[in-house]
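Have a look at the structure below, then the notes.
In this note's numbering, the protein residues as written are 767 to 1092.
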């Protein structure tokens, strides 16, 4: 299988563009693909257990082992999710979320992060070697899970994972960089035989040959009454061709893996914060299906811009509005 060569030189507080999954340049908007299968994910936690994990400040402690030189440092990087100034939690009502007032609850909130790096005082990006825990992290990919099967998230699972854990060489780190998504070389494997957390079937598009990188689903009821509507924001690679089960090379015209880089991040005290408000500010949560990363979908324009993706071209931009560090 052909792999993607990533671009380098991320700008601070920016999402920077690079080529498509076949290394020939992005084209098209959200890419092409089939119809969404519809319906909310039925949950699905990574195999191998894994207990609940709440937020808090980052940690850097003395690591174990390492031959020669300074001892590696253990790092824990916490992620927080908010709706405006409020914590994003299942079972809570967010009436002001979206384009018009509605009774809005979260139904799903999970996303993959990969290629995590800490940035030292000289601007050198140092990869975080993720702990291979058999549940939430595999190779350089981590699944963050903020749904706990409460309220409209009842189709999910109780397990939470809100931190990335790994090691870095000793150093003076003052920034962080990462990508949302699953890297190309891991994205198109058979989900049924993939290791956890890449075996979560509710975060996989069979029609698209790859994983759902980012899933936010809301359940919204109009203030005036009526039935609840499920609204999706599903980010993933589209315009994919080839069938990995037949040994065919898969390439995707729209990789849709936004990149983020921030200074002012202290791994001993800082957190990465995701705010859902700019993602959904123009979304009609009580009436629309939402965005499955298809082309020619008006409901994708604002979410893609919030991620720092130009929906018309698929190129990454420096204008993301959803992630920050504190």
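For glycine and all other residues, C-beta sits at the position ideal for the given N, C-alpha and C.
Taking the C-alpha atoms as reference points, what is the distance between residue i and residue j?
i, j, result
"residue 1046", "residue 870", "11 Å"
"residue 939", "residue 1028", "11 Å"
"residue 988", "residue 864", "12 Å"
"residue 884", "residue 910", "18 Å"
"residue 814", "residue 990", "For residue 814, the pLDDT reaches just 48, beneath the cut-off of 50, and the residue's location in the model is therefore unreliable, although a value from the coordinates is still provided. Using only the alpha carbons, I get a separation of about 44 Å."
"residue 1053", "residue 900", "39 Å"
"residue 874", "residue 961", "22 Å"
"residue 941", "residue 992", "47 Å"
"residue 892", "residue 994", "46 Å"
Report back the beta-carbon spacing between residue i and residue j to the nearest angstrom; my notes put them in contact at under 8 Å.
i, j, result
"residue 1083", "residue 1072", "Contact doesn't hold; Cβ gap of about 11 Å is too wide."
"residue 1051", "residue 868", "6 Å"
"residue 1122", "residue 974", "What the structure shows of the chain is the stretch from 767 to 1092, and residue 1122 is not part of that stretch, so it cannot be assessed."
Using DSSP with H/G/I as helix, E/B as strand and the rest coil, what is residue i?
i, result
"residue 871", "strand"
"residue 1073", "helix"
"residue 932", "strand"
"residue 918", "helix"
"residue 988", "strand"
"residue 836", "coil"
"residue 1012", "helix"
"residue 896", "strand"
"residue 1051", "coil"
"residue 856", "coil"
"residue 1007", "strand"
"residue 964", "coil"
"residue 1067", "helix"
"residue 910", "strand"
"residue 952", "helix"
"residue 844", "strand"
Based on Cα-Cα distance, which residue from the options lies nearest to residue i?
i, options, result
"residue 919", "928, 1033, 983", "983"
"residue 896", "935, 923, 890", "935"
"residue 866", "1043, 1063, 907, 1091", "1043"
"residue 1006", "1025, 996, 971, 1032", "971"
"residue 1091", "1080, 1041, 1081, 854", "1041"
field: Stretch-stretch touch, CB-based, cutoff 8 Å, three pairs: the segment 1063-1072 with the segment 1010-1020
entry: No, the segment 1063-1072 is not in contact with the segment 1010-1020.
- prompt: Hey, is the segment 837-851 in contact with the segment 948-961, meaning 3+ C-beta pairs nearer than 8 Å?
  reply: Cβ pair count under 8 Å is below three, so no.
query: Between the segment 963-983 and the segment 876-891, are three or more C-beta pairs nearer than 8 Å?
result: A contact between stretches requires three or more CB pairs, one per stretch, nearer than 8 Å, and the segment 963-983 meets this requirement with the segment 876-891.
- request: Take every Cβ of the segment 1036-1043, pair it with every Cβ of the segment 1056-1065, and state whether three or more of those distances are shorter than 8 Å.
  value: With a cut-off of 8 Å, the segment 1056-1065 and the segment 1036-1043 do not count as touching, because too few Cβ pairs lie within range.
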